[in-house]
Amino acid sequence: MELMKAGDVEEEEEEEEEVQQQQQQQQQHFHVLAVDDSLLERKVLEKLLTISSSCEVTCVESGDKALRYLGLLDDLDNFSSPFSPPRLSQQQEVKVNLIMTDYCMPGMSGYDLLKRLKGSYWKDIPVVVMSSENEPSRINMCLEEGAEEFLLKPLQLSDVKKLEPHLQKSLTRCSAEIKEQETVGFGIEIGIGIGITDSDVVDDGNNSDSNKNDNGDLKGDRS
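The opening position of the sequence shown corresponds to residue 1 in full-length UniProt numbering, with each subsequent residue numbered one higher.
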């Protein structure tokens, strides 16, 4: 019995180690897009995110550049179709788990960027708005528009750690989408492998209809 208990303890320890390794690997795959017109604020945010979760951080200085990075704005400053997948070059593959944007920026504000994102292909990606001004009306407006959090500057490490559940949720959703795509792709490959094509399906449908007609004709002749 003691040996069994010792074995159970070892198995539990191994499972805990596996879970920790998986969490570390997931954190390394976290990708945050930070939008702020202040270089200093971008540097501070990047450092805090790196310290708290060791995630990858991409910084841009305006809402327009954020939209362009996400494939929602072309080189001619025209908005692409909002719900179509982003048009990216073959060398570029954008995977973002969280978007953090300052509220007050020249040109497009953080609130305007939030509305663009929530009405686009990226609508399910968590968005966090930041501001140095504590205005309840502004905070409520952003939260009602779909922001996950509204953080007050200057940001602290404790503020950034609040974002981990949102990152985890986003990563889980992305993993589920990837598995679904792989399943669909696998099903298509199986169909191709055994020689099933769209034309075969159409032909089968036509053949079944013709068989029904033939059977009906035969019954009519017999009667």
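Idealized CB from N, CA, C, for every residue including glycine.
Within 9 Å, strictly: CB atoms of residue i and residue j
i, j, result
"Val129", "Asp112", "no"
"Lys162", "Leu171", "no"
"Lys169", "Pro126", "yes"
"Leu98", "Leu33", "yes"
"Lys95", "Ser131", "no"
"Pro106", "Asp37", "yes"
"Glu135", "Lys115", "no"
"residue 234", "Ser52", "Residue 234 is absent from the structure shown; the chain starts at 1 and stops at 223."
Own chain, CB closer than 6 Å to residue i, minus 5 neighbours either side, in chain order
i, result
"residue 224", "The first residue shown for the chain is 1 and the last is 223, placing residue 224 beyond what the model contains."
"Val35", "Val60, Ala66 and Thr101"
"Pro41", "For the sequence presented, residue 41 should be read as Glu rather than Pro. Correct list: empty, nothing qualifies."
"His31", "Glu56, Lys95, Val96 and Asn97"
Residue i in three-state terms, based on DSSP
i, result
"Val94", "coil"
"Cys59", "strand"
"Asp64", "helix"
"Ile99", "strand"
"Leu72", "coil"
Cβ shell of residue i (< 7 Å), same chain only, five flanking positions each side left out
i, result
"His166", "Leu98, Pro126 and Glu148"
"Leu143", "Phe150"
"Leu157", "Leu48, Ile51 and Ser52"
Cβ shell of residue i (< 8 Å), same chain only, five flanking positions each side left out
i, result
"Leu155", "Val44, Leu45, Leu48 and Met130"
"Gly110", "Val35, Gly63, Thr101, Asp102, Tyr103, Cys104, Val129, Met130, Ser131 and Cys142"
Could you tell me which whole beta strand (DSSP E) segments of length 3 or greater appear in the region 127-174?
For the region 127-174, whole beta strand (DSSP E) runs of length 3 or above, ordered along the chain, are 127-131 and 149-152.
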